[in-house]
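Read in order, the letters of the sequence shown correspond to residues 1 to 283 in the UniProt record's numbering. For reference, the structure is listed below as structure tokens.
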Amino acid sequence: HSPFPFERLRPRMNDIIGDGGILKEVVQPGEGPPVPENASVLIHYSGFLEYSDQPFETTTHLKYPQMMKLGRDVTLAGLELGLLTMKKGEFSRFLLQPQYAYGEMGCPPFIPTAAVVLYEVQILDYLDSGQVDDFITMSLEQQNTVPMSTLLEVVNTLRSFGNRFFNQNRYYNAKDRYKQAMTLLGNRGTQSDLEKERIKTALLPLYLNISLAELRLERPHKALKYGNKALEIDSANTKALFRCGQAYLELHEYASAHCCLTSAQAQKPFDSDINNLLRKVTM
């Protein structure tokens, strides 16, 4: 990485708000719509001072950078305004004047007074947490007047948050998000038959996810409860049969484990996970 004298960068950059305070160069374009306001963003970023080849702050060494909520965790005005112009997968550079960065005071000892700073930012992913926050602050009556499609979007966002936590081995946090989504679906009032079906379809992956999180937390009783809820919706669901088999095995209920796993095996005879667990049960 070679440090750029900022003057050489300027001609390649666009003035995104019109006062010259935030200049942007797209290095690698992203796709889809830009980041919505109040979203939570998953980003890698590095901040540079002019003529320094080492960043004064960076997240590029982190395997899992933190989800940052706009308006709360992103404190630099220029960075926040810049992020709102970005799309998923995009990698861009932003040149921020002091009033959009660390101000006239700077941030000693790292940032000198009235410093212009360069940020390199890559958006790995974002979730529309603003929409989730708005929905959760509504009363039940208001929630029930919102279109079904909006409820399902909110539920999917919560599930995505849960999956992020799960992948970081933060199983309690993951389970909380899954359960929050489950509760919102359960709160849905008067439903047509079509709505009931759509709610069941949305609940099934949540039950499976909660069941797996409970297994990771070594709570097979709870895992079994949610595995069975999944089977109530789809009695032939291979994942649900497998989760129940895992839970029964941990509870030393071998006959029940065998029963669930043979049912799962009947549908996926060549699934190595199912076959390996079945061997364990019959040993």
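Backbone N, C-alpha and C fix where the C-beta goes; we use that ideal spot for every residue, glycine too.
Helix or strand or just coil, what does DSSP make of residue i?
| i | result |
| --- | --- |
| Thr201 | helix |
| Leu251 | coil |
| Pro269 | coil |
| Val132 | helix |
| Leu241 | helix |
| Asn155 | Contrary to the premise, residue 155 reads as Val rather than Asn in this sequence. Looking at Val155 - three-state DSSP - the assignment turns out to be helix. |
| residue 284 | This structure leaves residue 284 out entirely; the chain is present only between 1 and 283. |
| Pro34 | strand |
Taking C-alpha atoms, which residue in the options lies nearest to residue i?
| i | options | result |
| --- | --- | --- |
| Ser149 | Asp176, Ser192, Gln142, Arg198 | Arg198 |
| Leu62 | Gln265, Tyr45, Pro108, Leu251 | Tyr45 |
| Ser52 | Met68, Arg12, Gln131, Phe6 | Phe6 |
| Leu206 | Lys196, Leu212, Tyr178, Leu224 | Tyr178 |
| Ser92 | Thr75, Leu215, Met138, Leu79 | Leu79 |
| Gly82 | Thr157, Lys229, Gly18, Pro108 | Gly18 |
| Tyr172 | Leu23, Val27, Glu218 | Glu218 |
| Asp273 | Phe242, Asn169, Gly130, His252 | Phe242 |
| Leu25 | Leu9, Glu37, Ala39 | Note on identity: in this sequence residue 25 is Glu, with Leu being the wrong assignment. Measuring from the Cα of Glu25, the nearest candidate turns out to be Leu9. |
| Phe135 | Leu212, Gln54, Thr183, Gly21 | Thr183 |
| Tyr119 | Val35, Ile16, Leu95 | Leu95 |
What does residue i pair with, by DSSP beta-bridge criteria?
| i | result |
| --- | --- |
| Gly47 | Glu57, Tyr119 |
| Asn14 | Lys24 |
| Ser92 | Val26, Val121 |
| Cys260 | None; Cys260 has no bridge partner. |
| Val41 | Met68, Tyr126 |
| Glu7 | Answer is none; Glu7 lacks a bridge partner. |
| Ile111 | Cys107 |
| Lys196 | Answer is none; Lys196 lacks a bridge partner. |
| Lys87 | Pro34 |
What is the residue span of the beta strand (DSSP E) that residue i lies within?
| i | result |
| --- | --- |
| Gly20 | Note, Gly20: premise wrong, no beta strand (DSSP E); not H, not E. |
| Pro220 | From DSSP, Pro220 is part of no beta strand (DSSP E) but of the alpha helix (DSSP H) over 220 to 233. |
Output the boundary residues of the alpha helix (DSSP H) element that contains residue i.
| i | result |
| --- | --- |
| Arg170 | Here Arg170 belongs to no alpha helix (DSSP H), and DSSP marks it neither H nor E. |
| Thr145 | 140 to 145 |
| Ala77 | 77 to 83 |
So, does the CB of residue i fall closer than 7 Å to a CB anywhere in chain B?
| i | result |
| --- | --- |
| Arg164 | Reference to chain B is not applicable here, since this structure consists of a single protein chain. |
If residue i sits next to residue j, beta carbons under 8 Å apart, how far is it from one beta carbon to the other, in whole angstroms?
| i | j | result |
| --- | --- | --- |
| Leu49 | Met67 | With a Cβ gap of about 27 Å, Leu49 and Met67 do not count as contacting. |
| Ala223 | Ala247 | 4 Å |
| Lys69 | Pro33 | In fact, because the Cβ distance is near 18 Å, the residues do not count as touching under 8 Å. |
| Gly162 | Asn209 | 6 Å |
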